[in-house]
Structures are given as structure tokens and as C-alpha cells.
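Peer 1:
Number of protein chains: 2
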Amino acid sequence: MNGAQSLVQTLVNCGVEVCFSNPGTSEMHFVASVDSIPGMRPVLCLFEGVATGAADGYGRMAGKPACTLLHLGPGLANGLANLHNARRAATPIVNVVGDHATYHLQYDAPLTSDLVGFARPVSSWLCESKSSRSVAADAARAVQAATAAPGGIATLILPADTAWSDAHHAARPLPAIGPHPASPDAIDECAELLRSGRKTAILLRGRALRGAGLEAAGRIAAKTGARLLSDTFAPHSELGAGRVPVERLPYFAEQIVESLAGIEQMILVGSKPPVSFFAYPGKQSWCSPERCHFAQLAHEHEDGAQALEALDRALGGAVPQPARIPLALPELPTGRLTALAVAQAIAHLTPDNSVFSDESATSGFPLAMMMSRARPHDHLALTGGSIGQGLPLAVGAAIACPDRKVICPHGDGGAAYTLQALWTMAREKLDVTTVIYANRSYAILNIELQRVGAIGAGPKALSMLDLHNPEINWTSIATGLGVEASRAETAEQFNAQYASAMKQRGPRLIEAMI
Amino acid sequence: MNGAQSLVQTLVNCGVEVCFSNPGTSEMHFVASVDSIPGMRPVLCLFEGVATGAADGYGRMAGKPACTLLHLGPGLANGLANLHNARRAATPIVNVVGDHATYHLQYDAPLTSDLVGFARPVSSWLCESKSSRSVAADAARAVQAATAAPGGIATLILPADTAWSDAHHAARPLPAIGPHPASPDAIDECAELLRSGRKTAILLRGRALRGAGLEAAGRIAAKTGARLLSDTFAPHSELGAGRVPVERLPYFAEQIVESLAGIEQMILVGSKPPVSFFAYPGKQSWCSPERCHFAQLAHEHEDGAQALEALDRALGGAVPQPARIPLALPELPTGRLTALAVAQAIAHLTPDNSVFSDESATSGFPLAMMMSRARPHDHLALTGGSIGQGLPLAVGAAIACPDRKVICPHGDGGAAYTLQALWTMAREKLDVTTVIYANRSYAILNIELQRVGAIGAGPKALSMLDLHNPEINWTSIATGLGVEASRAETAEQFNAQYASAMKQRGPRLIEAMI
């Protein structure tokens, strides 16, 4: 057994089943081991940003880590933006990066770089294996670190000689770290606050937005009248009919301020006080009312769902029926294709239990509205603001949930970042329907240009926000990457194409000409 | 005048004329300023790796820096891999990265990251502007740092409030730093070595591979019988008929060892001793003969061309005629399309004075051979080993040299990394002919798998190196990104398509089905 085999066997022992990879020479021993060691599924990606985004999508839906396999510092660098998003989502990922053999680094060969330097900003845990004999132990620690609540990126750097030299045996899983129970003091404090009669918001994140946590939050709201809120970009929410309704905070700071007006106290469950996404001259970054009192029911590494259940119990009283979202599907749209029409069709036609990898950007406002009373679904948001997450995330979600339809509504500007993900969808025959909002624009920037008070923008400046010249043909690109694609120019065409996508299985792309 | 305007005006004052950009909200003031300040050409890229690679290609050909404009940490992260390549090429780049307003960082908004941490591994100089009043001075220092010999990446981080707040005025250029003259002692030492009669190689890099430096090297070789060598991947070489011949070191370590057998002393001109690109079990990383004596005629930051001229003078004697590469064009190929046939056609048909952005990977061996006696051309190599450089580099080279034909021979695996560059070629109507070697494979890895001794690779492992499933249709992708494209299945088809590309202007892609 060599170091690479001890690594892969250890990962499998620890429940890691999928490897999103773009390997190079220094990772060939890892690659060679996947045939001899059962239980690891390698998924090839044409670009590392696809691999890391897919690992994020997998981790969010599977609730356990995938691993990556990246090639040296530059391969890692290509994956960093989506690791940034994954870090913001607190997704567990075992991020395996090959490096030159330890004795080769002294020569400063062309691919040598400060790999640790690249990895540090996104990693909650970081280890360079020093010997083939320690790789297995390091891998077990990496899984433990990645899954330590709330979840994080454990980067394991694997020098080539630690992969090809002899190892003893694989390692067994280490005990899980957390999630820890919330402090009883915090639960008492929050119960007290809720009994005060003051206007209260409860800002939910993490597991508190799903399953038992969401149900408990619904009961608390029914008992106390507290508002349930979620961040604008929550990693993983359960939405749609039958679920407890949660208000998603709006995007722009002044809208958040307006939404929170009158709130006297805010209970944070795995969340932080809401702030502006960007700073703007003369506008405030802090979005809560000045005298708002904050209490932290559960920190990020604590069990927010359990904390909500305990808080519900502490409040006592009869068990109420929480509010439920009613099913209310919009009519199918007709006529001109707009972002609203796309949203109506998606809400009308998407089946139960689908998963949304949502990077709909400026087209997302009507989509959120229409989907709010649509059939129940899971929603994955762009957590870190680094565009180009949606397509890779959909790859990972589809691999984690092979029996569920994955929908990927995506702005065209962001989709151009990591369009290589389409190839992996075709290769793995993933059941993902991608909708490209082809508005030929970094539309958000046309709004932001005004909001930041950047005056004097003329044709040169405005051309920097415009994607008309030349027009990207997404149907042609998707076909070139092996994905069946079509273009919709009217609502009727979109309805028909989306309906057919919902009936078939496998990857599909619709270019919505809004 | 605000900080952004003072920045752009300072860059223009310092000779920076082109900005390869993918801006976001925090960079809107920079964007808005390009209309009011004449002299800065913004070039929009759909992905930051395109912007940084283009800045590299521009810097190599223009001999002065372009700037980038990147959006926060994740935008920078997307550009790091090609900045790694640029760092290895010692290309001058002013790398401008917007950040959140200084007072906004405390809130840890979603896009906040350790921007300095991301930037440090690739930057030779790094500065976070602290005030709108210092931005102009910081920008002048950035240009000075980027152009300090041998050239490097000067990263200037521009918090949004330093862009939008008031500034005094733009700054003027600072004095250039280097290149410094080589040490007279080093010149004397090398002259002594060359008079010794021992078998000598001179390994050239940087300016020593072009113009007066190359000519001087040719005269030295003619006087002394020394072999002239260049690295396998030199940033910028002048090649082809009429030039002084320089042997390019082969790629694999054992080939380098064989090539250097018998060399008793090596004179380094802006270069380092040659080493293996990767480490392999049981193979040496160091490639020079054991007792080879090394002398450094010029360090990287010194003027290698001037040093060679001084060395030539120190050697004295009559002025010899250096050897010259004869023009010897291969016949046009017929029949089956192979990498060799592609190389023959390119060598036969490419006009004088073209620029090659070469990421031909495994298909590059016959191309180097065929181009060695072709018409004179400039050659830009993949310096840092991070694939996905070729297309962006071609963008930058074409903008630096609008009157020259740019040829981009590219492996399909690497081209998939930064294919968004095709869109910028179309947008800017760049005269780039891209040839995709469609072998549907990470072909180098099939070789490396054996070389690293990774045994036991079965179908799962081999599928990680294979790009057949699904087949990428490059013609379809290029068309989708606005570039005229065609597919060549035979040598005759390739000849006709390439000949027509050489006659027209503007971007063109040929998918060579080898």
C-alpha cells in the first residue's frame, strides 16, 4: 500500500464517496488508486472552479463531505473562488491538493508556488503531509476537521512522494466534533426576550432553516408572534408549500433597513446581524435599527435546530400549529418572455422535491416571489457573492441527489465563469435543467453604477457592463459541451421547453431570451 | 477629482494604456473614470483568468505593463493561476484589485476575504491604499514596482472609499529601477571560462533571447564554440529564419540530462540551472552533469543583453558572423491530419513577423521542430505550467501588436480552462488564429501516469485522463462566443482553412481533429 492508497482508503472509511477532480502529474498515484479501492467515485471536471463548486453542492445536499483532487498551487488557485463561496456556506469539503515531491521544492520548478499561502484564506484546517506514513492519519483528521460543526474546508496538501512511497495501512474515522448544544443560558435568555412582548425577529441560518429546526421555529413564531427571517443568501433552505414561512431579507441595504424597521430585538440562530452586501457612499452598512437588542441563541458551531426545539419547550404552553405556506401556482405565462414569465413557468412546472442551485442574480427577484408558494423544494444560494457558483453547485447537488430534479436558474454573466460544468453534467448524465437568463448584461452593475454615485460614466464605461458585443449563444456553447440545449424567445416557447425538460431525465439547457 | 480618477490619470501618466478588466460594484468609480480620462483602453473579459493572462501577453509583447481591474478577493482568486504564469515570465503587470470600503470590512459581508493573503504568493509588490489622497502616489509606486527589472506583479488594492473620496491630483512617473548592469567581475569570470577550452553551454533567458542580446550570444558562440541554450519554456523568444540558433531544452528530465551530457561549465544569463519539471520516483530532479561548473553572467534583475555584449567585447578578436537559421519550410501535408501535419501547415503558411502564444502541450514537439526553420516570429511559452494561459495570452499579445498575426496553437484540455478568451477576441476584433489540437485527452497525463510508476490504473483512473465522453465540439463553442470557426479532419482541409485564416484579419478558430 502506498500513501495515495492509504489516503483514498481512509477517505472511504470515513464516508467520503465522491472526488471532484482535475488531476495532474503529481496526483497520478491518487488517480491510479481509485480502481483498486472500491467506494470512491471520481468525477472529472474541466476546470478546478467546477470541482470546488461541485464539492460545495454535494456537501450542502449530502450533509457530508466530498473530496476534491487539485493540481498544485495553480490548480488550487483556480478553485479558490468557489471555495470562498463554500466557506461562506460552511460546507464540509476535504480539499486534497497535490504538490511537488518534498525534495523537489528546493529547485523552484515552474509549477512551484506558495500553495499554503493560496490555501490559507479559505481553509478552516490546513495540513501538509510530511510522510507517506502519516497520510492516512492526516486524511482522517481532514475529514474530522471538514465535518466539525458548522462544516469547513479542510485542505490536505499531498506531496507526490508522500503519495508514491510506502504506507502502513488506512486510518479509521475519528469522532465527530459538534455540533455542540446551545448554551442553556442562551436558551433562557431568548425565552425571556420572547416573553417580553417586544417586537422580535429570529434570523435563522444553517440547519435551523430545515426539518425539525424550521418546524420548531414555526411553533415559536406561532406562540410569540416573532418574525422568522433568513439571510438574503442562505446556504440551504427548505422552501415552498407546506413549509413554515420564513421571510428572506432583501438584497439592498436600504430595503433591509426598511424590512427591519420597528424590530426591537433580534435572536440570532447560527447567523450574524444583517449588513449591507456592499458599502455605498453616504449609506449605512449596518442594517438593524439603532437600539435593536441582539441575542445569540446558537452560534454557528452549535446545533441551531436543537436550540430552537429547546427554546420552544422553554416557552411552554399548548403546541400550536405553525403557519404553513399554501400551494399557489401562478398561471403559465403568455406572450413576451421576461424574467417574471420565466419565474411563472418554473414555478408552475417544477415538480415536488426539486433542488434549486440559484444564481439568478437580478432575474431572481420574480423567481423568489413565484417560487415562494410553489411545490416544496430545496434552495441553495450564492453564499459568498463570487459569481460562477450555480452550474458547479448543480453538478454536486445532482450527484448527491440522483433521484431529484436539479434546477439551475443562472444569470448569463455568472454562467460564463464556469460554463465548463456543462460538460461534467453531460459526462455524468446529471438530471440538471439549466435556465440561462440571457439579458446580455452584468445587469446588477448597471444598477450599482448609479447607487455608488459613480458619475460621468460614458460609452466606454457602460460598455464594460454590457455583454451584447458579441452576443453569446448559449445554445451553441451548451451543445459544444455535450448538453442538449434550446432557445426560448417567447413565453410559450419557454413553457414548452421547460415542460419537456421536466419530463425527461438528464442535462438540458434553455437559453431564455429575456 | 476622486481617488479612482487620480489612479487612472496616474497610470496613464506612467504609460499604462490598457486595462484588462472584469469589474464589480466596488470598482464602479474606476470604470466611470475611463470616459473622462483619455488614454486608457478598457478591455472587458468574461473571466478574471482571461484578464490576467491577457495582461501577461500584453506585457511580454509591449515591454511595459497593462493594468488589470479585478473584483475583490474572489475576482483576484480567479486570476491567480495566470498571474502565477506571469510571475514565472517576469512580466510587468499592475494588478488593481478593488476591495470593500475600509470601514465596511468589519462587518464581514459575504464577499469579504483575505485579499492580501490571496495576492501575496504572486505579487512582487503589494500595497493596500489607505486613503484616496494616497492612491495616486501608490499607483506611481505600483508602476515603478511592476517595471523594476526583471518585471513583476505589483498588486494595488483599492478599497472602494479610496476610489470615491476626494483626491488632490494625479502623480507623475517615478524613476525606473533597473535593469542593472551585470557585474564586471562576472563578465571577466565568464570570459575566462570561455577561454579555457572546456565544453561550455550558455543558458539564455529574458532579453538575452532577443535582439542585440541574441546577436551578441551568437557572436560569442561563433568565437568560442559554446552551445546556446534556452529553457523549455522561455517567456519570449525570437525564433525562425535569420535569427541566431538557440537549442531549446527538452521537457523530460532524462532528455535534459542527455542533452547536457559532457557540458563542463554553464554560463547563466538571467536563468537558473535546468531542473526536472516534475519529480519522478527514482529519477533525479537536478539535470546538469555532476561536476558542471556554474557561473552567473547576469542575474534576472540585471541586463543580460548588455552583459552578453560586454562579454563579447571582453573576448576580443575579429567580429565573427554568428550562425543564422536558414529558411526551410516544410511541404504542405497531405492525407491524415496529425500533430505533425498541423505543424507542417502552420510552418508553411504563417507569415513573417507573427507572434505565437504557444500552449500546444504534447502536440508541441513537432510544432517546435517545424517552426525552427520557418519565417521569423516571436514565441511566447507557458512559463508557469498552469494550463489555460494560451488563449488569454494571445488576447494580450494581439492588443499589444495590432499589426501582427497572432497564432495560438492550443491543447484542448488547457483551452477548456479559459475558453472565455474567445469572446474578448471577437469583441475586440483581434487578429488571432487559434488552432485547437482536438485529441480529446489530457495526453500528457497518459504519459506521466507511466512515468511516475502509478501502477494498477484501470478504467476509472484512465477515464480521468480522457475527454471523449462527451466530445467537446470546439467549432460550436467558438461560434457561441462569437468567433468564426471550422473543423479540419484532413490535412488538406486544415491547409485550406489555415491558409484562409492567414489571408483574413480578425479572430478565427480551427479545430484540428488529430
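Protein chains in written order, with our numbering: chain Z, 1 to 514; chain Y, 1001 to 1514. No residue lacks a Cβ here, since even glycine has one placed at the ideal position from N, Cα and C.
Arg1427(Y) and Asn469(Z) look like a contact to me (Cβ under 8 Å); what is the Cβ gap, rounded to whole Å?
Peer 2: Counting from 1 along the second sequence, the entry for residue 1427(Y) is found at position 427. Counting from 1 along the first sequence, the entry for residue 469(Z) is found at position 469. That belief holds up - the Cβ atoms of Arg1427(Y) and Asn469(Z) are roughly 6 Å apart, short of 8 Å.
Peer 1: Is Gln420(Z) near Phe20(Z), with beta carbons less than 7 Å apart?
Peer 2: Position 420 of the first sequence, counting from 1, holds the residue named residue 420(Z). Position 20 of the first sequence, counting from 1, holds the residue named residue 20(Z). Result no, Cβ atoms of Gln420(Z) and Phe20(Z) do not sit closer than 7 Å.
Peer 1: Less than 7 Å separating the beta-carbons of Leu1382(Y) and Trp1423(Y)?
Peer 2: If you number the second sequence from 1, residue 1382(Y) lands on position 382. If you number the second sequence from 1, residue 1423(Y) lands on position 423. No. Outside cutoff.
Peer 1: If you reduce the DSSP assignment to three classes, tell me which class Gly49(Z) lands in.
Peer 2: Within the first sequence, the letter at position 49 stands for residue 49(Z). Of the three classes helix, strand and coil, the one that applies to Gly49(Z) here is helix, per DSSP.
Peer 1: List the whole-angstrom C-beta distance separating Pro1333(Y) from Gly1240(Y), where the pair is believed to meet the contact cut-off of C-beta under 8 Å.
Peer 2: One-based indexing of the second sequence puts residue 1333(Y) at position 333. One-based indexing of the second sequence puts residue 1240(Y) at position 240. Between Gly1240(Y) and Pro1333(Y) the Cβ distance is about 19 Å, and since that is not below 8 Å, they are no contact.
Peer 1: Report yes if the CB atom of Phe1118(Y) is closer than 7 Å to the CB atom of Gly1073(Y), and no otherwise.
Peer 2: The sequence position of residue 1118(Y) within the second sequence is 118, counting from 1. The sequence position of residue 1073(Y) within the second sequence is 73, counting from 1. Against a cut-off of 7 Å, the Cβ pair of Gly1073(Y) and Phe1118(Y) comes out as a contact.
Peer 1: Using a Cβ-Cβ distance under 7 Å, would Ala1253(Y) count as near chain Z?
Peer 2: As a working note, residue 1253(Y) is residue 253 in the second sequence. Output row for Ala1253(Y): interface = no.
Peer 1: With the cut-off set at 7 Å, would you say Pro33(Z) and Val135(Z) are in Cβ contact?
Peer 2: As a working note, residue 33(Z) is residue 33 in the first sequence. As a working note, residue 135(Z) is residue 135 in the first sequence. The sequence given here has Ser at residue 33(Z), not Pro. No, these two residues do not count as a Cβ contact at 7 Å.
Peer 1: Determine contact between the segment 73 to 87 of chain Z and the segment 137 to 157 of chain Z, defined as no fewer than three beta-carbon pairs at a distance below 8 Å.
Peer 2: Yes, the segment 73 to 87 of chain Z touches the segment 137 to 157 of chain Z.
Peer 1: My parser needs the beta strand (DSSP E) runs of 3 or more residues fully inside the segment 250 to 311 of chain Z; what are they?
Peer 2: 265 to 269, 293 to 298
Peer 1: Go through the segment 1195 to 1226 of chain Y residue by residue and report every complete run of the beta strand (DSSP E) that reaches 3 residues or more, in order.
Peer 2: Qualifying beta strand (DSSP E) stretches, in chain order: 1200 to 1204.
Peer 1: Verify the CB distance criterion: does Ile1477(Y) have a CB-CB separation below 7 Å to chain Z?
Peer 2: As a position in the second sequence, residue 1477(Y) is number 477, starting the count at 1. Using beta-carbon distances, Ile1477(Y) counts as an interface residue toward chain Z, with a partner under 7 Å.
Peer 1: Counting pairs of Cβ atoms below 8 Å between the segment 1319 to 1327 of chain Y and the segment 1350 to 1367 of chain Y, do you hit three or more?
Peer 2: no
Peer 1: Measuring CB atoms only, is the segment 296 to 313 of chain Z touching the segment 210 to 229 of chain Z, in the sense that at least three cross pairs come out at less than 8 Å?
Peer 2: yes
Peer 1: Can you list, in chain order, the residues of its chain with a C-beta nearer than 7 Å to that of His379(Z)? Leave out the 5 residues immediately preceding and following it.
Peer 2: As a first step, residue 379(Z) is located in the first sequence; it is residue number 379 there, counting from the start. Counting only Cβ-Cβ distances below 7 Å, and skipping sequence neighbours, we find Ser237, Leu239, Phe356, Asp358.
Peer 1: Could you check how far apart the C-beta atoms of Thr1232(Y) and Leu1249(Y) are, in whole angstroms? I think they sit under 8 Å.
Peer 2: Here residue 1232(Y) refers to the residue found at position 232 when the second sequence is read from its first residue. Here residue 1249(Y) refers to the residue found at position 249 when the second sequence is read from its first residue. Confirmed, Cβ separation roughly 5 Å.
Peer 1: Mind checking Glu1300(Y): buried by the 16 CB within 10 Å criterion, or exposed?
Peer 2: Position 300 of the second sequence, counting from 1, holds the residue named residue 1300(Y). Classification of Glu1300(Y): buried, given that the 10 Å Cβ count is 16 or more.
Peer 1: Considering just the uninterrupted stretch of the alpha helix (DSSP H) at Leu382(Z), what are its terminal residues?
Peer 2: If you number the first sequence from 1, residue 382(Z) lands on position 382. That residue, Leu382(Z), is in no alpha helix (DSSP H); it is neither H nor E in DSSP.
Peer 1: Please report how far the alpha carbon of Gly1384(Y) lies from the alpha carbon of Gly1053(Y), in whole angstroms.
Peer 2: Counted from its first residue, the second sequence places residue 1384(Y) at position 384. Counted from its first residue, the second sequence places residue 1053(Y) at position 53. Cα to Cα, Gly1384(Y) sits roughly 12 Å from Gly1053(Y).
Peer 1: List the residues that DSSP assigns as beta-bridge partners of Gly104(Z).
Peer 2: In the first sequence, counting from the first residue as 1, residue 104(Z) sits at position 104. Reading the sequence as shown, one finds His at residue 104(Z) and not Gly. Beta-bridge partners of His104(Z) (DSSP): none assigned.
Peer 1: Going along the segment 71 to 97 of chain Z in order, which residues come within less than 7 Å of chain Y, judged by CB to CB distance?
Peer 2: Gly73, Pro74, Ala77, Asn78, Leu80, Ala81, His84, Arg88
Peer 1: Give me, in chain order, the residues of the same chain whose beta-carbon lies closer than 6 Å to that of Pro159(Z); leave out the 5 immediate sequence neighbours on both sides.
Peer 2: Taking the first sequence and counting its residues from 1, one reaches residue 159(Z) at position 159. Only Asp99, Ala101, Thr102 meet the Cβ criterion.
Peer 1: Out of Gly388(Z), Ala341(Z), Ile387(Z), Ser354(Z), which has the shortest C-alpha to C-alpha gap to Phe365(Z)?
Peer 2: Residue 365(Z) sits at position 365 when you count from the first residue of the first sequence. If we check each option's Cα against that of Phe365(Z), Ala341(Z) comes out closest.
Peer 1: So, is the C-beta of Ile473(Z) closer than 7 Å to a C-beta in chain Y?
Peer 2: Walking along the first sequence from the start, residue 473(Z) turns up at place 473. For the record, residue 473(Z) in the displayed sequence is Asn; it is not Ile. It does: the Cβ of Asn473(Z) has a partner Cβ on chain Y nearer than 7 Å.
Peer 1: Kindly give me the distance between the Cβ atoms of Leu76(Z) and Leu115(Z), rounded to whole angstroms, as I take these residues to be in contact under 8 Å.
Peer 2: Against the first sequence, residue 76(Z) aligns to sequence position 76. Against the first sequence, residue 115(Z) aligns to sequence position 115. Contact annotation, Leu76(Z) with Leu115(Z): C-beta distance approximately 6 Å; criterion of less than 8 Å satisfied.
Peer 1: Beta carbons nearer than 9 Å to chain Y: which residues of the segment 410 to 433 of chain Z have them?
Peer 2: Gly413, Ala416, Tyr417, Thr418, Leu419, Gln420, Trp423, Ala426, Arg427
Peer 1: Report the three-state DSSP secondary structure of Leu1156(Y) (helix, strand or coil).
Peer 2: One-based indexing of the second sequence puts residue 1156(Y) at position 156. Of the three classes helix, strand and coil, the one that applies to Leu1156(Y) here is strand, per DSSP.
Peer 1: Kindly indicate the opening and closing residues of the alpha helix (DSSP H) around Asp1099(Y).
Peer 2: Residue mapping note: residue 1099(Y) aligns to position 99 of the second sequence, counting from 1. Note, Asp1099(Y): premise wrong, no alpha helix (DSSP H); beta strand (DSSP E) at 1093 to 1099.
Peer 1: Give the interface partners of Lys1460(Y) over in chain Z, defined as CB-CB distance under 7 Å, in chain order.
Peer 2: In the second sequence, the residue the question calls residue 1460(Y) occupies position 460. Neighbourhood of Lys1460(Y) in chain Z, by CB distance below 7 Å: Val34, Asp35, Pro42, in chain order.
Peer 1: Please list the partners that His1100(Y) has in chain Z, where partner means a Cβ-to-Cβ separation under 8 Å.
Peer 2: Within the second sequence, residue 1100(Y) is the residue found at index 100, counting from 1. What His1100(Y) touches in chain Z: Phe278, Ala279.
Peer 1: Give a yes or no on whether 7 Å exceeds the smallest Cβ distance from Glu290(Z) to chain Y.
Peer 2: Within the first sequence, numbered from 1, the residue matching residue 290(Z) stands at position 290. Chain Y, which has no Cβ nearer than 7 Å to the Cβ of Glu290(Z), makes this no.
Peer 1: Note down the Cα distance separating Glu128(Z) from Val97(Z), rounded to an integer number of angstroms.
Peer 2: To locate residue 128(Z), count along the first sequence from 1; it is residue 128. To locate residue 97(Z), count along the first sequence from 1; it is residue 97. When rounded, the separation of the alpha-carbon atoms in Glu128(Z) and Val97(Z) is 9 Å.
Peer 1: In chain order, what residues of the same chain have a beta carbon less than 7 Å from the beta carbon of Ala62(Z), not counting five sequence neighbours either side?
Peer 2: The sequence position of residue 62(Z) within the first sequence is 62, counting from 1. Taken in chain order, the residues that qualify are Ala400.
Peer 1: With burial defined as no fewer than 16 other Cβ atoms inside 10 Å of the residue's Cβ, what is the status of Gly211(Z): buried or exposed?
Peer 2: Working through the first sequence from its first residue, we reach residue 211(Z) at position 211. Exposed, since its Cβ has fewer than 16 Cβ neighbours within 10 Å.
Peer 1: Quick check on Phe1277(Y): buried or exposed, where buried means 16 or more other Cβ atoms within 10 Å of its Cβ?
Peer 2: Residue mapping note: residue 1277(Y) aligns to position 277 of the second sequence, counting from 1. When all chains shown are included, Phe1277(Y) counts as buried.
Peer 1: Is the distance from the Cβ of Leu1337(Y) to the Cβ of Phe1494(Y) below 7 Å?
Peer 2: Here residue 1337(Y) refers to the residue found at position 337 when the second sequence is read from its first residue. Here residue 1494(Y) refers to the residue found at position 494 when the second sequence is read from its first residue. Yes, Cβ-Cβ distance for Leu1337(Y) and Phe1494(Y) is below 7 Å.
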